[in-house]
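Right, one structure below, let's go through it.
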Amino acid sequence: MRLIARYAKELEDAFEIVTVYEDEIVKEQVSKENPTVETLAKKYPAAIWFERKMQDDFGIIIQDAFDRRPLVHQERFPKDLYPLRKDFRAKSLQEDPYVAYKYEEIRGDGVFQVAVGPIHAGIIEPGHFQFSQAGEDMLHLEVRHFYKNRGIEKMLEGKTLLEAKPIIERISGNESVAYQICWRDIVLQATEQKLPLVLQKWHAFLLELERLIHHFTDLGFIPNDAGFGAALAYASKLAEDARREMQHLSGHRFGFGAVSFTKESVDVSVIKAWLDAVSEDMARFEEWIIDVPSLWDRFDTTGILPLKKALKYSTVGVVARASGVANDRRINPFYLENGFVMASEVSGDVGARFKVRLAEVKNSLLMMENFLQAESAEFNPQMGSLKDGEYFSFVESSIGELFMSIELKDGVIERFFVRDPSFVNWQAVHIMMRSDIIADFPLINKSCDLSYAGNDL
Numbered sequence: 000m001r002l003i004a005r006y007a008k009e010l011e012d013a014f015e016i017v018t019v020y021e022d023e024i025v026k027e028q029v030s031k032e033n034p035t036v037e038t039l040a041k042k043y044p045a046a047i048w049f050e051r052k053m054q055d056d057f058g059i060i061i062q063d064a065f066d067r068r069p070l071v072h073q074e075r076f077p078k079d080l081y082p083l084r085k086d087f088r089a090k091s092l093q094e095d096p097y098v099a100y101k102y103e104e105i106r107g108d109g110v111f112q113v114a115v116g117p118i119h120a121g122i123i124e125p126g127h128f129q130f131s132q133a134g135e136d137m138l139h140l141e142v143r144h145f146y147k148n149r150g151i152e153k154m155l156e157g158k159t160l161l162e163a164k165p166i167i168e169r170i171s172g173n174e175s176v177a178y179q180i181c182w183r184d185i186v187l188q189a190t191e192q193k194l195p196l197v198l199q200k201w202h203a204f205l206l207e208l209e210r211l212i213h214h215f216t217d218l219g220f221i222p223n224d225a226g227f228g229a230a231l232a233y234a235s236k237l238a239e240d241a242r243r244e245m246q247h248l249s250g251h252r253f254g255f256g257a258v259s260f261t262k263e264s265v266d267v268s269v270i271k272a273w274l275d276a277v278s279e280d281m282a283r284f285e286e287w288i289i290d291v292p293s294l295w296d297r298f299d300t301t302g303i304l305p306l307k308k309a310l311k312y313s314t315v316g317v318v319a320r321a322s323g324v325a326n327d328r329r330i331n332p333f334y335l336e337n338g339f340v341m342a343s344e345v346s347g348d349v350g351a352r353f354k355v356r357l358a359e360v361k362n363s364l365l366m367m368e369n370f371l372q373a374e375s376a377e378f379n380p381q382m383g384s385l386k387d388g389e390y391f392s393f394v395e396s397s398i399g400e401l402f403m404s405i406e407l408k409d410g411v412i413e414r415f416f417v418r419d420p421s422f423v424n425w426q427a428v429h430i431m432m433r434s435d436i437i438a439d440f441p442l443i444n445k446s447c448d449l450s451y452a453g454n455d456l
């Protein structure tokens, strides 16, 4: 059983631990007086971040855990203060004296440490990468994030679903449409309604457009990190054109507000002409990029994530499929009827992750033509009839499987939890470094292109 998520929520007299597997959801309660739970990390290594987060958020002690260091809390965060408990008040926050974080390090003759981040060159988001090196060889990498933690889970407590939407759709810019569709599905569950097919297809079109934007960006930046800047110039033009199309269709370059319960009529012929032009550009790009031997010398056998490790670390999305894992939330009748074919590779290296993106772009373009319908639509979600309860939704974002859980009580959010695909995939990145040199790190990291904001919340 694949582990999807593990998180906690506070009940009146206990904490409840919710563990989401691919085929079942397991719940257990622990007392507030002695909140302890057994670790799952021995079987599911990716569980350790979920468990460290529960420890930081609620003060729940993880028994037999191999790592009990803070995850979300930075060095000066007060001890014994747990932000997701109901009695937490931000005004009570007073910083503790600085205590240095203890990184995982390999020691020995000739071994030294290299710290990269959390501040980086350019405009990328903050994240820390701690390397143990023997010369150029990477012996070990520890990824440390949560510098961008914005308190999203706490921020959404007490808000209605409508009030929460503008926040939810801005959690991770690369996945705004995906987050909105997760939100939409929870609205539909809570109102016991079904979305008209016209709107379902339109939202799927926008999701694939978002995937195009993200993949075009990666298809440029991955070769760029191998020293082939011409690919970045070509792919950046494709990404910019797609982003402008998103703005034209949704009103925003990042698709904020794109997923709604109304749809204006669109000129199908104009959009199809644009899709045909993109397909031709993409065919030229692929023919060109595949035939650059020096580039593939850098891609092939670099940053390998073996199938066994990809499964063990519960990876999802492009990272998983490039290692041979058959995992995609679009494997369902709706998508299959509209032309979905899952892209996959088996070598698990930078080249495989690049090829998966090439294939997914072509398949997205095909599906987008099938999703197009000219007519307008309007749907009343009956937000006044929301039923209290706990709701779950899944969407395949451009990075991978996105999982969201919202519990409603008295018509407002009691507990919000989301597991971005990056949260599990970041934990497998260190595996990819073990047979490469530190100069390959930017290339390997970009080939995964994970979200810092979505991970950190």
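Reading the sequence shown from the start, the letters are residues 0 to 456 in numbering that gives the first Met the number 0. We treat Cβ as the ideally placed atom computed from N, Cα and C, and that holds for glycine.
- Non-local C-beta neighbours of E413 in its own chain, meaning closer than 6 Å and more than five positions away in sequence, comprise E406, ordered along the chain.
- In terms of Cα proximity to G302, the closest of E37, G453, N444 and D327 is N444.
- Of all alpha-carbon atoms in F76, I123 and M137, the one lying nearest the alpha-carbon of R106 is that of M137.
- Within the DSSP bridge table, the entry for I436 names D136 as partners.
- Per DSSP, Q62 is not a residue of any alpha helix (DSSP H); the beta strand (DSSP E) it occupies stretches across I60 to Q62.
- Going by DSSP, S404 is part of the beta strand (DSSP E) stretching over E400 to K408.
- Comparing alpha carbon positions, the residue from A45, P69 and E191 closest to Q54 is P69.
- Distances from the CA of K408 to each of I170, T159 and D280 were compared; the closest alpha carbon is that of T159.
- Exposure of E377 is indicated by the presence of fewer than 16 other C-beta atoms within 10 angstroms of its C-beta.
- At a Cβ-Cβ threshold of 7 Å, L187 and L194 count as neighbours.
- Residues of the same chain with a CB within less than 7 Å of the CB of P441, apart from the 5 flanking positions on each side, are D224 in chain order.
- Around the CB of Q129, 16 or more other CB atoms lie within 10 Å, so the residue is classed as buried.
- In the structure shown, the three-state DSSP call for I105 is coil.
- Listed in chain order, the non-local C-beta contacts of M341 below 6 Å within the same chain comprise D327, local neighbours out to five positions each way being set aside.
- If you draw a straight line from the Cα of S171 to the Cα of G226, it comes to about 28 Å.
- For V36, the closest alpha carbon among the candidates E27, S131, D86 and H144 is that of E27.
- For the pair T190 and P380, the CB atoms are nearer than the 7 Å cut-off.
- Excluding the 5 residues flanking it on each side, R84 has same chain C-beta neighbours closer than 7 Å at E9 and F57, in chain order.
- Comparing C-alpha distances from Y334 to each of P96, N369, S322 and L310 shows the shortest one belongs to N369.
- Looking at the DSSP output, L2 sits in a beta bridge with Y20.
- For L364, the closest alpha carbon among the candidates L237, G388 and K31 is that of L237.
- With a minimum length of 3 residues, the unbroken runs of beta strand (DSSP E) contained wholly in the segment 116-162 fall at 127-133 and 136-143.
- Residue environment: V267 is assigned as exposed (fewer than 16 neighbouring CB atoms within 10 Å of its CB, all protein chains considered).
- Judged by beta-carbon spacing, N331 lies beyond the 7 Å limit of M366, meaning their Cβ atoms are not closer than that value.
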